[in-house]
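One structure is given below, encoded as structure tokens.
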Amino acid sequence: MGDGRRYIGTAERRDRLALRQRLAVRSRAESPEEVAGSLVALHGTDPATVHLAVGARLADAAKTVSGTERALYEDGTLVRMHGMRHTVFVFPTELTAVVHASTGRTVAARERAALLKSMADAGAPDAAWLAEVEESTLAALARRGQATAAELARDEPRLREQFRYAAGKSYEGVHTVSTRLLKVLGVEGKVVRGRPLGSWTSSQFRWAPAPEHPELDTATAQGELLRRWLAACGPATEDDLKWWTGWRVTEVRRALTAIDAEAVELDEGTGYVVAGDAGPVAGPAEPWAALLPGLDPTAMGWRQRDWYLAPGLRPQLFDRSGNVGPTVWWNGRVIGGWAQRADGEIVWRVLDGEGVGREAETALAAEAERLASWMGPTRVTPRFRTPLERELSA
Numbered sequence: 001m002g003d004g005r006r007y008i009g010t011a012e013r014r015d016r017l018a019l020r021q022r023l024a025v026r027s028r029a030e031s032p033e034e035v036a037g038s039l040v041a042l043h044g045t046d047p048a049t050v051h052l053a054v055g056a057r058l059a060d061a062a063k064t065v066s067g068t069e070r071a072l073y074e075d076g077t078l079v080r081m082h083g084m085r086h087t088v089f090v091f092p093t094e095l096t097a098v099v100h101a102s103t104g105r106t107v108a109a110r111e112r113a114a115l116l117k118s119m120a121d122a123g124a125p126d127a128a129w130l131a132e133v134e135e136s137t138l139a140a141l142a143r144r145g146q147a148t149a150a151e152l153a154r155d156e157p158r159l160r161e162q163f164r165y166a167a168g169k170s171y172e173g174v175h176t177v178s179t180r181l182l183k184v185l186g187v188e189g190k191v192v193r194g195r196p197l198g199s200w201t202s203s204q205f206r207w208a209p210a211p212e213h214p215e216l217d218t219a220t221a222q223g224e225l226l227r228r229w230l231a232a233c234g235p236a237t238e239d240d241l242k243w244w245t246g247w248r249v250t251e252v253r254r255a256l257t258a259i260d261a262e263a264v265e266l267d268e269g270t271g272y273v274v275a276g277d278a279g280p281v282a283g284p285a286e287p288w289a290a291l292l293p294g295l296d297p298t299a300m301g302w303r304q305r306d307w308y309l310a311p312g313l314r315p316q317l318f319d320r321s322g323n324v325g326p327t328v329w330w331n332g333r334v335i336g337g338w339a340q341r342a343d344g345e346i347v348w349r350v351l352d353g354e355g356v357g358r359e360a361e362t363a364l365a366a367e368a369e370r371l372a373s374w375m376g377p378t379r380v381t382p383r384f385r386t387p388l389e390r391e392l393s394a
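The sequence shown begins at 1 in the UniProt record's numbering and counts up by one.
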């Protein structure tokens, strides 16, 4: 380019995605920790997404459930807690301090202020009372190791207290102290989501004490998080970075400067990679296919997605809130969606057939068989359902 920036086109971006997102067959990972580390964070709002995202990227998919549960609930090498955009993620435990300082503290301050205001407006007990309940609750959780909200309320009965919020409004309702307080403690990085009640698909869970972590400087943490994300997902635009992190644009620019990010030229305009990463990247050795779950971090990784997802496919693959459903991939682009039927069969549909022939059909059939094999009798319904997923699963 005239300004000295290297141009990185769509084909190379797809090659980077295939290798760094662990999707090409020869780049698959050996463990859930390796998957999470390569992607920085896995969406954890829907518990099934974590396992499905891991399974799609493991060399031995049969180890998906046992390996992920070991990492989350036995070894503690992965943690499920609030992170970017006030969303629940699973990420390497070593990143707890970075995620909390870079994104959690600001949100936590707002959440605690909102809780205290709601309680004050309802005439509920004050901040000193809440502090006593919080201290008692954390002590009870430390004694138990893991516990449900109901179990904690047996140890600290004040958690059962209720207060009315938004009185007189159309959305007026009643909150229990336990619901709001545990959410605040989660955003503050004091508690995390523990082992589920039931199988790995269950949305009910126990709480557990958060891993101990140092309090980092916000700017330092933001630079480290951005560096890791660009190493996995770069190149990306400033708009992509602002969307993924949930930060203000001034924070994104400060972090880019702090890590000496390198500017490159994309079809969308200026993009960024980590220093020294602007050079050409060799693509996968062979074509690849993938069946990725709803909310998968690859499908949701960038705000500007035209380079891997045609705009015409979005109405069938996303819900009204912008959550992506299960997607079918071929050589770095989304070509359709998939679903699981009640009898366990994995079915898919190609929506964009350009360049999709017999080789792709064979590869997709193999991926569907691989997925069905490790899932066994488990049935999964995405938490956020999309038009194509509903149609295919019927």
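Quick reminder that beta carbons are idealized off the backbone N, C-alpha and C, glycines included. A quick note: this is a predicted structure, and the numbers were derived from the prediction, not measured.
Below 8 Å on the Cβ atoms is my guess for residue i versus residue j; work out the distance and round it to an integer in Å.
i, j, result
"L17", "T245", "Between T245 and L17 the Cβ distance is about 19 Å, and since that is not below 8 Å, they are no contact."
"V90", "L42", "4 Å"
"Q316", "T386", "7 Å"
"E30", "A59", "6 Å"
"E111", "V187", "5 Å"
"residue 397", "L291", "The chain is shown from 1 up to 394; residue 397 falls before or after that span and cannot be answered."
"T68", "H82", "19 Å between Cβ atoms; not a contact."
"L295", "T77", "Not confirmed; about 22 Å, so no contact."
"A24", "W307", "So it is not a contact: roughly 17 Å between Cβ atoms."
"G194", "A210", "Not a contact, Cβ separation roughly 10 Å."
For residue i, does the three-state DSSP call read helix, strand or coil?
i, result
"M84", "helix"
"E262", "strand"
"P387", "helix"
"Q316", "helix"
"L72", "helix"
"G332", "coil"
"L292", "strand"
"residue 405", "Outside the shown range of the chain (1 to 394) lies residue 405, about which nothing can therefore be said."
"A282", "coil"
"P32", "helix"
"V90", "strand"
"V191", "strand"
"V347", "strand"
"Q304", "coil"
"M1", "Per-residue confidence for M1 stands at a pLDDT of 47, beneath the threshold of 50, marking its modelled position as unreliable; no derived number is given."
"H213", "coil"
"T270", "strand"
"R379", "coil"
"P235", "coil"
"V79", "strand"
Taking all protein chains shown into account, do 16 or more other C-beta atoms lie within 10 angstroms of the C-beta of residue i, making it buried, or fewer, making it exposed?
i, result
"P214", "exposed"
"P280", "exposed"
"V249", "exposed"
"M1", "The pLDDT assigned to M1 is 47, lower than 50, so where the model puts this residue is not dependable, and the model offers no usable value."
"K190", "buried"
"residue 406", "Only positions 1 to 394 of the chain appear in the structure, and residue 406 is not among them; the question remains open."
"R143", "exposed"
"R57", "buried"
For residue i, which residues of its own chain have a beta-carbon under 8 Å away from its beta-carbon, when the five flanking residues on both sides are left out?
i, result
"L392", "G337, W338, A339, R341, V347, W348, R349"
"Y272", "L230, G234, P235, A236, T237, E238, L241, L256, A261, E262, A263, V264"
"E345", "A372"
"D121", "Y165, A167"
Note down, in chain order, each residue of its chain lying with its Cβ closer than 7 Å to the Cβ of residue i, except the 5 sequence neighbours on either side.
i, result
"A310", "D352"
Within its chain, find whatever has a CB closer than 6 Å to the CB of residue i; leave out the 5 residues flanking it on each side and keep chain order.
i, result
"V177", "L159, E161"
"S202", "P196"
"A124", "F163"
"D319", "F384, T386"
"L185", "V191"
"S118", "Y165"
"A360", "W330"
"H86", "V107"
"G37", "P92"
"G145", "none"
*Report the residue ranges of all beta strand (DSSP E) runs contained in full by the stretch 101-143; include only those spanning at least 3 residues, in chain order.*
none
*Identify every run of the beta strand (DSSP E) within the stretch 138-176, keeping only runs that are complete inside it and at least 3 residues long; order them along the chain.*
162-165, 173-176
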